[in-house]
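Visitor:
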Amino acid sequence: METSLIPRSLGQPGLLSDIRAFLAVVRREWTIFTRYPSWIIALFIWPLIFPMMYILTARALSGPDESGLAVFIATTGATDYIGYIIVGTTVWMWQNIVLWDVGFALRNEQMRGTLESNWLSPTWRFSYLLGQTGPQIVSMAMFIGVTALEFGILFGVRLNGNPWMIGLMMLAAIPAIYGLGFAFASLVITVKEANTFVFLIRGMVMIFCGITFPVAILPAWMQSFAKWLPQTYLIHGMRAAAFSNAGVNELLPDLIPLLSFGGFWLIVGYFTFLWMERRARKTGAIGQY
Amino acid sequence: MELTTLSQPSLRTQLRALFVIARKDWKVFWRYPLNAVSNVFQPIIWITPVYFMGKAFSTDGQALGFAAYTGSGDYMSYILIGTVLTNFIMTVFWGMGYALKNDMDSGVLESNWLAPVSRLLILIGRTLTSMLTTTITSIVMLVIAGALFGFKPTGSTFAAILTAIPMLVGLYGFGFAFAGIVLLMREANTMVDVGSFLVQGFSGTNFPVRSLPYWLIPISLMLPLTYGLDAVRGLLLKTNTLLPIPVEVVILIAFMFVMLWIGAQIFYRIERRVRTLGTLGQH
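Residue numbers (our numbering), protein chains in the order written: chain A, 75 to 363; chain B, 193 to 475.
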């Protein structure tokens, strides 16, 4: 009688099981998200108060006779400074929330002590990270919708452009924004406490990408650096789509680099994850915190 | 039978307790030096978009619209003063509540509470180190931001510091009340985040409150911080003030006494309630 020495797993991985694992993570994240009702407050308060700081400063810079506003219009070509600022600050908030939510997804599992046991299941491990993005994209869509609604009602901000083009820009930005989140999540598992890195990345977006001003106003070296950040193209394209009625052809100079950066960051994110996964198994760091 | 206690509280023991609390916080702070770096650069990062935005509103480097509200086109010095004062306001206003929350999470709050030291003194002690570190990081921040954006105070720094003192002491009252609320609710983050944004917004840390929509101005005028920020800027930058500076100083001094008394009362009432409920050690 022969005895097989090859260890056999009860798990039978396949495309179907990977999809099932992905959907299970999505469902878990959605359940957690809806269990804490404080997100409703955050959903209505944050879209309003964060841009407000910049909007009120811009209002002060305009002056009582709006003489400053005339200079702003001449510099930026934008007649609606509130809408101009909202687009920039919303993109910043989107990247910021993704860094905290997706970027810390695996770290939170590590802190809860569930990462190791999840890692042992015969599933596609990237689905743990990918599954986080589903509910995150839904909540961000709600966030952006609430932003548009609140500023439309309270400040009379009106979109002059085609909403489909705005949607197209946002869709094109998803790979870049979430790819960066994936790469970040993998690094966080290795370096553990990474708040400072979040501050660094979101700070770069805040300084270089023109969230409240046109990039053309920056010194030349800062403009060169800004070209390497996908959020620069997203903010520029979103403003053009929302307020200048830009079509696909006008948006192409923003769409092409945005999608290229998206492809780059998705690949970097995926391979960083694979590298981290191998490294963590070798060093046994997956369960440490 | 008379109850006797082994502790013999005196002014000296109280001061020693303050020193010990401050020394402990000092050690903890410098164990994470990246926090100090972050404290210096975070405010600079937040005001950089304002600097470039201001350029988009300026002609030949002069923000004339801004000058029409404040009497000074130097909007960056205006904002930098607001940023430095905000650092201190945050330290006093929220620092005590945060410190209690940290003690709750680390499980040391109950044992600290058993020490024969006044509870308000424990709260004040938790702000001493943070006041010192805030002073250090704010000076470094001001030097760096001054080099990057320009900082040109034209008035009396000494008078401005003297004016800021009653405002900060009065804020201790707010801090006591907030610490009491943290004891009761055991959650601080949302309150701090939303509260600080609103307080900063309405008191005019980044802009003159005159530029607010008219329906928001009454809220702003009800906050004593508005007068503190206004008076300090008036003294340092010679900007137009809402009221004559001596009147604003009187308001700040009155605010200091009233808030200290109200804040201490609120804290003691809530603290008594929490001890009655037995929830002091929960988090």
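Don't be surprised by glycine CBs; every beta carbon is placed ideally from N, CA and C.
Expressed to the nearest angstrom, what Euclidean distance is found between the alpha-carbon atoms of F282 of chain A and F299 of chain A?
Guide: Counting from 1 along the first sequence, the entry for residue 282 of chain A is found at position 208. Counting from 1 along the first sequence, the entry for residue 299 of chain A is found at position 225. Computed Cα separation, rounded: 7 Å.
Visitor: Below 7 Å on C-beta distance, what does A134 of chain A contact in chain B?
Guide: On the first sequence, position 60 is the one that residue 134 of chain A refers to. Residues of chain B passing the Cβ test: F258, Y261, F399, P400 and S403.
Visitor: If contact is defined by three or more beta carbon pairs under 8 Å, each pair taking one atom from either stretch, is the segment 289 to 298 of chain A in contact with the segment 249 to 260 of chain B?
Guide: In short, these stretches do not touch, since the Cβ pair count stays below three.
Visitor: Quick check: L242 of chain A and L329 of chain A, are their CB atoms within less than 9 Å of each other?
Guide: Indexing the first sequence from 1 puts residue 242 of chain A at position 168. Indexing the first sequence from 1 puts residue 329 of chain A at position 255. Yes; because the gap between Cβ atoms is below 9 Å, this pair is in contact.
Visitor: I'd like to know if T283 of chain B contacts chain D, where contact means its C-beta is closer than 9 Å to some C-beta of that chain.
Guide: No chain D appears in the structure shown, which is made up of the protein chains A and B.
Visitor: Taking C-beta pairs closer than 8 Å, name the residues in chain A that F447 of chain B reaches, listed in chain order.
Guide: Translated into the one-based positions of the second sequence, residue 447 of chain B becomes position 255. Simply none; closest approach about 24 Å.
Visitor: For Q206 of chain B, which three-state DSSP category applies?
Guide: One-based indexing of the second sequence puts residue 206 of chain B at position 14. If DSSP states are grouped into helix, strand and coil, Q206 of chain B belongs with the helices.
Visitor: For the alpha helix (DSSP H) that contains P249 of chain A, what are its first and last residues?
Guide: Within the first sequence, residue 249 of chain A is the residue found at index 175, counting from 1. P249 of chain A -> alpha helix (DSSP H) spans P237 to V265.
Visitor: With a threshold of 16 other CB atoms inside 10 Å of the CB of K247 of chain B, please say whether the residue is buried or exposed.
Guide: Position 55 of the second sequence holds residue 247 of chain B. It counts as buried.
Visitor: Using a beta-carbon distance below 9 Å, is F244 of chain B in contact with chain A?
Guide: Here residue 244 of chain B refers to the residue found at position 52 of the second sequence. So yes, F244 of chain B belongs to the interface.
Visitor: Can you check whether the CB of T431 of chain B is closer than 9 Å to the CB of P400 of chain B?
Guide: Working through the second sequence from its first residue, we reach residue 400 of chain B at position 208. Working through the second sequence from its first residue, we reach residue 431 of chain B at position 239. Result yes, Cβ atoms of P400 of chain B and T431 of chain B sit closer than 9 Å.
Visitor: Taking 9 Å as the CB-CB limit, is T275 of chain B close to chain A?
Guide: Within the second sequence, numbered from 1, the residue matching residue 275 of chain B stands at position 83. Chain A, which has no Cβ nearer than 9 Å to the Cβ of T275 of chain B, makes this no.
Visitor: Output the distance between the C-alpha atoms of T286 of chain A and V231 of chain A, rounded to the nearest integer angstrom.
Guide: Here residue 286 of chain A refers to the residue found at position 212 when the first sequence is read from its first residue. Here residue 231 of chain A refers to the residue found at position 157 when the first sequence is read from its first residue. Straight-line Cα distance between these residues: approximately 16 Å.
Visitor: Who pairs with Q254 of chain B in a beta bridge, going by DSSP?
Guide: Here residue 254 of chain B corresponds to residue number 62 of the second sequence, with the count starting at 1. The partner list for Q254 of chain B (beta bridge, DSSP) reads B:T251.
Visitor: Might you give, ordered along the chain, the residues of its own chain that have their beta carbon closer than 7 Å to the beta carbon of L89 of chain A, omitting 5 neighbours on each side?
Guide: Within the first sequence, numbered from 1, the residue matching residue 89 of chain A stands at position 15. Within the same chain, L89 of chain A has no close Cβ partners at all.
Visitor: Should the segment 308 to 322 of chain B be called in touch with the segment 346 to 358 of chain B, which here means at least 3 C-beta pairs below 8 Å?
Guide: Contact fails: fewer than three Cβ-Cβ distances are below 8 Å.
Visitor: Go ahead and pull the three-state DSSP assignment for F399 of chain B.
Guide: Here residue 399 of chain B refers to the residue found at position 207 when the second sequence is read from its first residue. It is coil, neither helix nor strand.
Visitor: Would you kindly check if the distance between the Cβ of P138 of chain A and the Cβ of G257 of chain B is under 9 Å?
Guide: Here residue 257 of chain B corresponds to residue number 65 of the second sequence, with the count starting at 1. Here residue 138 of chain A corresponds to residue number 64 of the first sequence, with the count starting at 1. Yes, the Cβ-Cβ distance between G257 of chain B and P138 of chain A is below 9 Å.
Visitor: Output needed for F285 of chain B: all residues of its chain with C-beta closer than 6 Å, excluding positions within five of it in sequence on either side, in chain order.
Guide: The sequence position of residue 285 of chain B within the second sequence is 93, counting from 1. Same-chain partners within the cutoff: L363, F366 and G367.
Visitor: How would you call T418 of chain B, buried or exposed, if buried means at least 16 neighbouring beta carbons within 10 angstroms?
Guide: Along the second sequence, one-based indexing puts residue 418 of chain B at 226. Buried, since its Cβ has 16 or more Cβ neighbours within 10 Å.
Visitor: Give me the Cα-Cα distance between G372 of chain B and S199 of chain B, rounded to the nearest whole angstrom.
Guide: Translated into positions along the second sequence, residue 372 of chain B becomes position 180. Translated into positions along the second sequence, residue 199 of chain B becomes position 7. Using only the alpha carbons, I get a separation of about 26 Å.
Visitor: Using DSSP with H/G/I as helix, E/B as strand and the rest coil, what is L348 of chain A?
Guide: Translated into positions along the first sequence, residue 348 of chain A becomes position 274. Looking at L348 of chain A - three-state DSSP - the assignment turns out to be helix.
Visitor: For P20 of chain A, which option in A:W104, A:V342, A:G187 and A:G157 has the closest C-alpha, if you only look at C-alpha atoms?
Guide: Outside the shown range of chain A, which is 75 to 363, sits residue 20 of chain A, and nothing can be said about it.
Visitor: Are Q234 of chain B and G358 of chain A closer than 9 Å when you measure CB to CB?
Guide: Looking up residue 234 of chain B in the second sequence gives position 42. Looking up residue 358 of chain A in the first sequence gives position 284. Going by C-beta atoms, Q234 of chain B is not nearer than 9 Å to G358 of chain A.
Visitor: Between Q392 of chain B and chain A, is the shortest Cβ-Cβ distance under 9 Å, so that the two count as touching?
Guide: Taking the second sequence and counting its residues from 1, the one referred to as residue 392 of chain B is at position 200. True, the Cβ-Cβ gap to chain A drops below 9 Å.
Visitor: Give the secondary structure of A339 of chain B by DSSP, where H, G and I count as helix, E and B as strand, and everything else as coil.
Guide: Counted from its first residue, the second sequence places residue 339 of chain B at position 147. Helix, per DSSP.
Visitor: So, does the CB of Y406 of chain B fall closer than 9 Å to a CB anywhere in chain A?
Guide: Along the second sequence, read from residue 1 onward, the residue named residue 406 of chain B stands at position 214. Chain A contact via Cβ: absent.
Visitor: Could you check where the alpha helix (DSSP H) with N319 of chain A kicks off and where it finishes?
Guide: Counted from its first residue, the first sequence places residue 319 of chain A at position 245. Taken as a continuous stretch (DSSP letters only), N319 of chain A belongs to no alpha helix (DSSP H), as it is neither H nor E.
Visitor: Tell me the rounded alpha-carbon separation between A339 of chain B and A257 of chain A.
Guide: In the second sequence, the residue the question calls residue 339 of chain B occupies position 147. In the first sequence, the residue the question calls residue 257 of chain A occupies position 183. If you take the alpha carbons of A339 of chain B and A257 of chain A, they lie about 35 Å apart.
Visitor: For A228 of chain B versus T319 of chain B, is the C-beta distance shorter than 9 Å?
Guide: As a working note, residue 228 of chain B is residue 36 in the second sequence. As a working note, residue 319 of chain B is residue 127 in the second sequence. Cβ atoms of A228 of chain B and T319 of chain B: not closer than 9 Å.
Visitor: Determine the direct distance from the alpha carbon of M383 of chain B to that of V272 of chain A, and round the result to whole angstroms.
Guide: Sequence index remark: in the first sequence, residue 272 of chain A carries index 198 (1-based). Sequence index remark: in the second sequence, residue 383 of chain B carries index 191 (1-based). Near 22 Å, if we compare the C-alpha coordinates of M383 of chain B and V272 of chain A.
Visitor: Please list the partners that I292 of chain A has in chain B, where partner means a Cβ-to-Cβ separation under 7 Å.
Guide: On the first sequence, position 218 is the one that residue 292 of chain A refers to. Looking at the sequence itself, residue 292 of chain A is Leu, so the reference to Ile does not match. Chain B residues near L292 of chain A: F244.
Visitor: Could you tell me how far apart the beta carbons of I458 of chain B and A369 of chain B are, in whole angstroms, since I believe they sit closer than 8 Å?
Guide: The sequence position of residue 458 of chain B within the second sequence is 266, counting from 1. The sequence position of residue 369 of chain B within the second sequence is 177, counting from 1. So it is a contact: roughly 4 Å between Cβ atoms.
Visitor: Mind checking the segment 127 to 157 of chain A against chain B and listing, in chain order, the residues whose C-beta falls within less than 8 Å of any C-beta there?
Guide: Listed by position along the chain: M127, Y128, L130, T131, A132, R133, A134, L135, S136, G137, P138, D139, E140, S141, G142, L143, V145, F146, T149 and T150.
Visitor: Less than 7 Å between C-beta atoms, sequence neighbours within five positions excluded: which residues of the same chain meet that for S412 of chain B?
Guide: The residue given as residue 412 of chain B occupies position 220 in the second sequence. The residues are F394, S395, G396, V401, L404 and T418.
Visitor: Beta-carbon of V229 of chain B versus every beta-carbon of chain A: anything under 9 Å?
Guide: Counting from one through the second sequence, the residue named residue 229 of chain B turns up at place 37. V229 of chain B counts as touching chain A.
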